[in-house]
Amino acid sequence: MVEAVEAQNTAQRAGQIQELFHKEVARRRTFAIISHPDAGKTTLTEKLLLYGGAIDQAGAVRARKHQRQAVSDWMALEQERGISITSTVLQFEYQGHLFNLLDTPGHQDFSEDTYRTLLAVDSAIMVLDGARGIEPQTRKLFAVCRKQNLPILTFINKLDLPARDPLELLDEIEQELSIRAAPMNWPIGDGSDFQGVYDLPGRQVLRFERTAHGKDRAPVAVTDLDDPVLEAMIRPRAYARLRDDVELLAGAGAEFDRAAFLAGELTPVYFGSAANNFGVEPFLTALRELAPSPGVRQSNQGEVAPTDEQFTGYVFKIQANMDPKHRDCMAFLRICSGRFIKDMAVNHPRLGRTVRMSRPHRLFARERETVEEAFAGDVIGLSNPGIFTIGDTVSSGDPLHFAPIPRFQPEQFARLRNLNMAKYKQFNKGLEQLLQEAVIQVLYPIDSARREPILAAVGTLQFDVVVARLAAEYNVEATVEPLPYSGARWVLADDEQLKDAVWPAQSLRTRDPQGHLVVLFNSPWEMNYCLEKNPQLDFREASDVGVSWAAPGKEFSNRRA
Ligand code: G4P
Numbered sequence: 000m001v002e003a004v005e006a007q008n009t010a011q012r013a014g015q016i017q018e019l020f021h022k023e024v025a026r027r028r029t030f031a032i033i034s035h036p037d038a039g040k041t042t043l044t045e046k047l048l049l050y051g052g053a054i055d056q057a058g059a060v061r062a063r064k065h066q067r068q069a070v071s072d073w074m075a076l077e078q079e080r081g082i083s084i085t086s087t088v089l090q091f092e093y094q095g096h097l098f099n100l101l102d103t104p105g106h107q108d109f110s111e112d113t114y115r116t117l118l119a120v121d122s123a124i125m126v127l128d129g130a131r132g133i134e135p136q137t138r139k140l141f142a143v144c145r146k147q148n149l150p151i152l153t154f155i156n157k158l159d160l161p162a163r164d165p166l167e168l169l170d171e172i173e174q175e176l177s178i179r180a181a182p183m184n185w186p187i188g189d190g191s192d193f194q195g196v197y198d199l200p201g202r203q204v205l206r207f208e209r210t211a212h213g214k215d216r217a218p219v220a221v222t223d224l225d226d227p228v229l230e231a232m233i234r235p236r237a238y239a240r241l242r243d244d245v246e247l248l249a250g251a252g253a254e255f256d257r258a259a260f261l262a263g264e265l266t267p268v269y270f271g272s273a274a275n276n277f278g279v280e281p282f283l284t285a286l287r288e289l290a291p292s293p294g295v296r297q298s299n300q301g302e303v304a305p306t307d308e309q310f311t312g313y314v315f316k317i318q319a320n321m322d323p324k325h326r327d328c329m330a331f332l333r334i335c336s337g338r339f340i341k342d343m344a345v346n347h348p349r350l351g352r353t354v355r356m357s358r359p360h361r362l363f364a365r366e367r368e369t370v371e372e373a374f375a376g377d378v379i380g381l382s383n384p385g386i387f388t389i390g391d392t393v394s395s396g397d398p399l400h401f402a403p404i405p406r407f408q409p410e411q412f413a414r415l416r417n418l419n420m421a422k423y424k425q426f427n428k429g430l431e432q433l434l435q436e437a438v439i440q441v442l443y444p445i446d447s448a449r450r451e452p453i454l455a456a457v458g459t460l461q462f463d464v465v466v467a468r469l470a471a472e473y474n475v476e477a478t479v480e481p482l483p484y485s486g487a488r489w490v491l492a493d494d495e496q497l498k499d500a501v502w503p504a505q506s507l508r509t510r511d512p513q514g515h516l517v518v519l520f521n522s523p524w525e526m527n528y529c530l531e532k533n534p535q536l537d538f539r540e541a542s543d544v545g546v547s548w549a550a551p552g553k554e555f556s557n558r559r560a
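So the sequence shown is residues 0 to 560, counted in numbering that gives the first Met the number 0.
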């Protein structure tokens, strides 16, 4: 009898837990914004936060750039360059839903960091400038989203300025990005003639009026396009154009299809003006309604559902020295399933032991608050005294691994020189930290007299970041000297195979912090020559070598061949 009651209680508790998990997962939206610099990502971010009550001051972007930084911009280097270099995680609530906005750096040179962030979200917003359409950085970031079939919502911004023909913009999205575009609203005029948008599924006009504080005007409901109220409201030329366009769209078969959106094959498109706060709230509502909640993730132990009772998560970002007052390091963990509870002990398979998840933080730019509990889709910041590295998976149950985070193939190389040898300790410490954050890859020449590290990056701005951060955070003066190499190959081979290797005279052999042999080449011709001459060796690209992001630790010292 007692056993039966106990069994019933247990079943009841399990049911309650499942109910809670389902509720919490269903209300979460974890997303990132992709755009070309200047399209309006910062402005849109601020407006979304404003609606979510996460900030209470509009912080008009003009004021931000000239007086104070936007809430998500805080590093000195960012301020200097006016670009967003480090990603931050912003959480806000809106209409009962919880949004996790993973901010991505805006500059194209930071694609590695952005790439890792885009692996950690469930959907993305693509912001386009209405006058410019698709720009190079949009294309690049879109390709990353596409690769993982991420659902994407599009916001075409700056309609208060002269913009391109909306049909042409849709056509460009479809042609250049090979994704179907489904307009959800339609602009009425643009620039000085911008009068609002027509909400296609809702069949109502949202009127735009320039106001001092850029508040949305209440929508004016209109039942159909022939309604005389609408005709009287907007200028005749724009009205005629709207009618023509809507008719055209109806025949074009560009309706929204949820399944295609979730598969990353169709993007719903919204027009508006972030700076004027026009169209932002309907867009946020769309994000709530359309964007998916956290989904199933693949692991080496099979599928992990967000509502699974077992807690799992993985580290997608490491960031040191966020607070200049406390020299600390933070690991950002994306929760994939179960419930995170402060101080819980988890399995850390890479270390082969359990670790306690103490001092978990929710971050809001510079501010932190302690997290007591979190669910799938949330991102928490953990103080990281060298325990976590990018790609680490933790779980409350059986040890498992999520798919490894691939590395990018470096294309730029430079020698890093410490200008004050007396500070070699700080220099090494700083470089080690930047490696742990995966800001850059480092290689050491194996057979030259010079022992200075070689930086390997996707773009040259990463070199400037290393120099600036060594100076700002470690008080070390360093310079970079560009090297002529344009390509690298990791070589997997044993000593026997290496014995007969033939190396082109101008190539440079180096080792990465894990001890792999890495050869740098001056030209594709030289690389091909080397590959042909050494059929016994296994040449690989960085993403293909199974190199982990593991902190180099002791191995950081130069290793000889
Ligand atoms: P980003 O993060 O994508 O790089 O862009 P950001 O939001 O910083 O916006 C880039 C510029 O575009 C800013 O102007 C911003 O005010 C402006 N902007 C953003 N949305 C709109 C819009 O809907 N309409 C108009 N007219 N402008 C918009 P800036 O001159 O670079 O800076 P500031 O002088 O405004 O501070």
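The C-beta atom is built at its ideal place from N, Cα and C for all residues, glycine as well.
Apart from the 5 residues on each side of it in sequence, Ser395 sits with its Cβ closer than 6 Å to the Cβ of Gln309, Phe310 and Val345 in its chain, given in chain order. In the structure shown, the three-state DSSP call for Thr44 is helix.
Residue range Val1 to Ala25 is occupied by the alpha helix (DSSP H) that includes Gly14. Shown here for Thr306: same chain residues with a beta carbon closer than 6 Å to its own, the five before and five after excluded, namely Phe20, His21 and Val24 in chain order.
Distance from Thr44 to Asp102 at the Cβ level is roughly 7 Å; contact confirmed, criterion being Cβ atoms closer than 8 Å.
Per DSSP, Trp524 has no beta bridge partner at all.
Assigned with DSSP and collapsed to three states, Thr116 falls in helix. Thr392 is bridged by DSSP to Tyr313. By the neighbour-count criterion, in which a residue is buried when 16 or more other Cβ atoms sit within 10 angstroms of its Cβ, Thr222 is exposed. Contact between the region 142-156 and the region 199-211 is not established, with fewer than three Cβ pairs separated by less than 8 Å. In the three-state scheme derived from DSSP, where H, G and I count as helix and E and B as strand, Phe154 is classed as strand. Asp494 counts as exposed, since fewer than 16 other beta carbons sit within 10 angstroms of its beta carbon. Inter-residue distance for Glu230 and Leu247 is about 19 Å (C-alpha atoms, whole angstroms). By the Cβ criterion, the region 116-128 is in contact with the region 24-37, since at least three pairs of Cβ atoms, one from each stretch, lie closer than 8 Å. For Val465, the uninterrupted alpha helix (DSSP H) segment begins and ends at Leu460 to Tyr473. Here Ile379 is actually not in contact with Val393; their C-beta atoms are around 11 Å apart, not less than 8 Å. DSSP, reduced to helix, strand and coil, places Gly132 within a strand of the structure shown.
Looking from the CA of Lys422, the closest CA among Pro135, Asn474, Pro235 and Pro534 belongs to Asn474.
A direct Cα-to-Cα measurement between Glu302 and Arg296 gives close to 6 Å.
The closest CA to that of Thr509, considering only Asp499, Gly195, Pro281 and Tyr484, is found on Tyr484. Relative to the ligand G4P, Ala31 has its C-beta separated by 7 Å or more from all heavy atoms. Judged by DSSP secondary structure, Pro165 falls within the alpha helix (DSSP H) whose first and last residues are Pro165 to Leu176. Leu536 sits away from Ala487, with the two beta carbons spaced by 8 Å or more. Per the C-alpha coordinates, the member of Val219, Ser272, Phe255 and Arg115 positioned closest to Ser191 is Ser272.
In this chain, the alpha helix (DSSP H) harbouring Tyr238 covers Pro235 to Ala251.
Where Leu283 is concerned, the enclosing alpha helix (DSSP H) starts and stops at Val279 to Leu289. Sixteen is the threshold: since fewer than 16 other Cβ atoms of the shown chains lie within 10 Å of the Cβ of Gln17, the residue is exposed. Here Pro348 has Pro398 as same chain residues with Cβ atoms under 6 Å from its own Cβ, once five neighbours each way along the sequence are excluded.
Cα atoms of Asn419 and Val465: separation of roughly 16 Å, rounded to the nearest angstrom. Ala239 and Gln90 have their C-alpha atoms spaced approximately 43 Å apart. Shortest gap from the CB of Leu100 to any heavy atom of the ligand G4P: 7 Å or more.
Sequence-distant partners of Ile233 (beyond 5 residues in either direction) whose C-beta falls short of 6 Å from its own C-beta, in its chain, are Ile187 and Gln194.
Taking the Cβ of Asn275 as the reference point, at least one heavy atom of the ligand G4P falls within a distance shorter than 7 Å.
Rounded to whole angstroms, Ala237 and Arg27 show a C-alpha spacing of 39 Å. In this structure, the ligand G4P has no non-hydrogen atom nearer than 7 Å to the beta-carbon of Thr116.
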